[in-house]
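For our numbering, add 363 to where a residue sits in the sequence shown, where the first one is 1.
All C-beta atoms in this analysis are idealised placements derived from N, C-alpha and C, irrespective of residue type, glycine included.
Structure, as structure tokens:
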Amino acid sequence: MKVLVTGGCGYIGSHTCVELLDSGYDVVVVDNLSNSKEDVIDKIETITGKKVKFYKEDICNKDKMNEIFTSEKIDAVIHFAGFKAVGESVAKPLMYYRNNIDSTLTLLEVMKEHNCKKIVFSSSATVYGKPASLPITEDFPLQTTNPYGSTKLMIEMILNDLYISDNDWSIAILRYFNPIGAHKSGLIGENPNGIPNNLMPYIVKVANKELQELSVFGNDYDTIDGTGVRDYIHVVDLAKGHIKAIEKVTKDKGIDKYNLGTGKGYSVLQIINTFKTVNNIDVPYKIVDRRPGDIDACYASTKKANDVLNWHAELEIEEMCRDAWNFVNKNR
Ligand code: NAD
Ligand code: UD1
364 MKVLVTGGCG YIGSHTCVEL LDSGYDVVVV DNLSNSKEDV IDKIETITGK KVKFYKEDIC
424 NKDKMNEIFT SEKIDAVIHF AGFKAVGESV AKPLMYYRNN IDSTLTLLEV MKEHNCKKIV
484 FSSSATVYGK PASLPITEDF PLQTTNPYGS TKLMIEMILN DLYISDNDWS IAILRYFNPI
544 GAHKSGLIGE NPNGIPNNLM PYIVKVANKE LQELSVFGND YDTIDGTGVR DYIHVVDLAK
604 GHIKAIEKVT KDKGIDKYNL GTGKGYSVLQ IINTFKTVNN IDVPYKIVDR RPGDIDACYA
664 STKKANDVLN WHAELEIEEM CRDAWNFVNK NR
């Protein structure tokens, strides 16, 4: 079975390519390298000992996408490609709507023309906004607070309408919580340009002495130690969730959404302390004001993914911290 992975050179896409190849799927990647590098393909091939067909293309380019679908005979698609930085989306909303929505519409039109109607889509826990209670189940009300989140919610709505119009589609919407960590090999991982926005990439740069100290955004939340609580999930566990989702869309028609998290919440201080302990390295930090728009705590109910997809996150927070640091050490 041949799976097209859009955004397959990116952080989550590259780990998913590894799991797909290890599970016996043929993999075709389309990525315009706007937030990744082509050498990721070599690394995926080194890890798996298998070949990946790579197209450096923008998925907004309908003619090119048609050519790819004509020559490759794609059975199913995992759609990662998109911009993902919350702050940037507030500053450049049109760029975010154009890229994330346009690329998805183009992809879906081309899939329909080629009668390929199985898709797994990368959504985000950001679609839950500020949840009224915890853990978050898939039927919670949806709301967004920034253009990035709105693109995810809009795409979910587009996919819903598409299914209503044509019940032949098989669609899995995956709502990721906070992916961190890296592949054990240290060959692929998360490597954002510039100053990171998210916690783990920032911790890693402080530990690596590229940045002086971490700012902990608030210690007066109603949480175990006052700092923000999130559901961190190892990127390899997350990648494995996509294999289960591909199996599901291959087997059953319909549209459904699944939380991919561990169901456990860790505070910022718990993450810092775990990182320091397992890697035996210092991470200087100071407490600063809350970050506007942040919520106190967020973690998933994973029951639906456990029961319906038969998927469970297996890796613990210690491995997430160890593997994130291993990736940096191997790529200095
Ligand atoms: P990433 O930026 O590392 O990967 C996205 C890839 O898509 C990049 O390689 C980029 O070059 C490519 N791309 C972007 N626009 C494209 C286009 N028009 N045509 C072709 N390629 C294009 O991001 P990631 O962390 O791997 O995230 C993957 C998906 O998961 C995204 O849709 C993101 O919104 C979603 N997601 C990520 C997180 C997270 O914390 N990383 C959380 C929730 C959801
Ligand atoms: C952020 C995004 C969210 C996106 C998610 C995963 C915002 C407001 N939200 O969520 O839309 O889906 O990433 O990509 O950007 N923290 C610090 N210091 C830092 C960085 C973070 O203390 O330098 C804290 C935050 O306050 C939070 C926790 O660490 O409590 C995790 O932050 P982050 O990694 O940015 O993820 P989210 O806030 O969950």
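Does any heavy atom of the ligand UD1 sit closer than 7 Å to the C-beta of residue i?
{"i": "serine 487", "result": "yes"}
{"i": "phenylalanine 443", "result": "no"}
{"i": "tyrosine 565", "result": "yes"}
{"i": "arginine 538", "result": "no"}
{"i": "leucine 632", "result": "no"}
{"i": "phenylalanine 580", "result": "yes"}
{"i": "leucine 470", "result": "no"}
{"i": "cysteine 684", "result": "no"}
{"i": "glycine 376", "result": "no"}
{"i": "leucine 577", "result": "yes"}
Since residue i and residue j should fall inside the 8 Å C-beta cutoff, what is the C-beta to C-beta distance between them, to a whole number of angstroms?
{"i": "lysine 413", "j": "valine 473", "result": "Going by Cβ atoms, the distance from lysine 413 to valine 473 rounds to 26 Å, so no, they are not a contact pair."}
{"i": "isoleucine 407", "j": "valine 391", "result": "The pair is not a contact, with the Cβ atoms about 12 Å apart (cut-off 8 Å)."}
{"i": "alanine 535", "j": "alanine 608", "result": "4 Å"}
{"i": "arginine 685", "j": "valine 641", "result": "5 Å"}
{"i": "valine 646", "j": "threonine 590", "result": "Contact flag wrong, Cβ pair sits at about 14 Å."}
{"i": "tyrosine 648", "j": "valine 579", "result": "5 Å"}
{"i": "alanine 444", "j": "aspartate 394", "result": "7 Å"}
{"i": "valine 598", "j": "proline 542", "result": "5 Å"}
{"i": "isoleucine 464", "j": "threonine 507", "result": "Not a contact, Cβ separation roughly 14 Å."}
{"i": "histidine 442", "j": "threonine 369", "result": "5 Å"}
{"i": "aspartate 615", "j": "serine 528", "result": "About 18 Å; that fails the 8 Å criterion."}
{"i": "leucine 505", "j": "valine 490", "result": "5 Å"}
{"i": "lysine 481", "j": "threonine 613", "result": "6 Å"}
How many angstroms separate the CA atom of residue i from the CA atom of residue j?
{"i": "isoleucine 422", "j": "alanine 668", "result": "29 Å"}
{"i": "phenylalanine 432", "j": "histidine 477", "result": "7 Å"}
{"i": "leucine 577", "j": "isoleucine 650", "result": "9 Å"}
{"i": "aspartate 585", "j": "aspartate 659", "result": "7 Å"}
{"i": "tyrosine 565", "j": "glycine 557", "result": "10 Å"}
{"i": "serine 664", "j": "isoleucine 499", "result": "5 Å"}
{"i": "phenylalanine 652", "j": "serine 399", "result": "According to the sequence shown, residue 652 is aspartate rather than phenylalanine. Spanning the two alpha carbons is a distance of roughly 32 Å."}
{"i": "glutamate 655", "j": "aspartate 438", "result": "It is worth fixing the name first, because residue 655 is proline in this sequence and not glutamate. Roughly 43 Å separates the two Cα atoms."}
{"i": "valine 671", "j": "lysine 611", "result": "9 Å"}
{"i": "glutamate 420", "j": "lysine 427", "result": "7 Å"}
{"i": "serine 386", "j": "leucine 550", "result": "19 Å"}
{"i": "glutamine 633", "j": "alanine 545", "result": "19 Å"}
{"i": "glutamate 698", "j": "valine 691", "result": "The shown model of the chain, from 364 to 695, leaves out residue 698, and the question about it has no answer."}
{"i": "threonine 469", "j": "aspartate 524", "result": "15 Å"}
{"i": "aspartate 657", "j": "serine 434", "result": "45 Å"}
{"i": "leucine 497", "j": "methionine 683", "result": "23 Å"}
{"i": "valine 567", "j": "aspartate 531", "result": "45 Å"}
{"i": "asparagine 673", "j": "glycine 626", "result": "15 Å"}
{"i": "valine 440", "j": "cysteine 479", "result": "8 Å"}
{"i": "glycine 492", "j": "asparagine 643", "result": "36 Å"}
{"i": "cysteine 372", "j": "valine 366", "result": "14 Å"}
{"i": "isoleucine 635", "j": "glycine 617", "result": "41 Å"}
Within a Cβ cutoff of 8 Å, which residues of the same chain sit near residue i, ignoring the five residues on either side of it in sequence?
{"i": "tyrosine 539", "result": "Ile375, Ser485, Ser486, Ser487, Ala488, Ile596, Leu601, Leu623 and Gly624"}
{"i": "asparagine 560", "result": "Ala448, Val449 and Gly450"}
Spatial neighbours of residue i within its chain, please: CB distance less than 7 Å, with the 5 preceding and 5 following residues excluded, ordered by chain position.
{"i": "proline 510", "result": "Ser452, Val453, Pro456, Tyr459 and Tyr460"}
{"i": "proline 494", "result": "Phe503 and Cys661"}
{"i": "glutamate 501", "result": "Lys620, Tyr621, Asn622 and Lys667"}
{"i": "glutamate 681", "result": "Thr637 and Val641"}
{"i": "glutamate 553", "result": "Tyr374, Ala545 and Pro564"}
{"i": "glutamate 677", "result": "Asp600"}
Kindly examine the ligand NAD and report whether one of its heavy atoms sits closer than 7 Å to the Cβ of residue i.
{"i": "proline 542", "result": "yes"}
{"i": "asparagine 509", "result": "no"}
{"i": "serine 513", "result": "no"}
{"i": "asparagine 462", "result": "yes"}
{"i": "phenylalanine 446", "result": "yes"}
{"i": "isoleucine 551", "result": "no"}
{"i": "glycine 370", "result": "yes"}
{"i": "leucine 396", "result": "yes"}
{"i": "alanine 466", "result": "One point to set straight first is that residue 466 is serine, not alanine, in the sequence displayed. Serine 466: yes, Cβ under 7 Å from the ligand NAD."}
{"i": "serine 399", "result": "yes"}
Whose C-beta lies closer than 6 Å to the C-beta of residue i among residues of the same chain, with five residues either side of it excluded?
{"i": "serine 548", "result": "Ile410"}
{"i": "asparagine 462", "result": "Phe446"}
{"i": "glycine 604", "result": "Leu623 and Trp674"}
{"i": "isoleucine 404", "result": "Val415 and Phe417"}
{"i": "lysine 639", "result": "Val646"}
To which residues does DSSP link residue i through a beta bridge?
{"i": "alanine 439", "result": "Val366"}
{"i": "isoleucine 566", "result": "None, per the DSSP bridge assignment."}
{"i": "valine 392", "result": "Val368 and Phe417"}
{"i": "glycine 617", "result": "Ser533"}
{"i": "phenylalanine 580", "result": "Val651"}
{"i": "histidine 597", "result": "Ile543"}
{"i": "alanine 663", "result": "Ile499"}
{"i": "arginine 538", "result": "Ser486 and Asn622"}
{"i": "valine 592", "result": "Ser630 and Ala660"}
{"i": "lysine 481", "result": "Ser533"}
Should residue i be listed as close to the ligand NAP, given that the test is whether its C-beta is under 7 Å from any heavy atom?
{"i": "glycine 373", "result": "This structure lacks the ligand NAP; the ligands present are the ligand NAD and the ligand UD1."}
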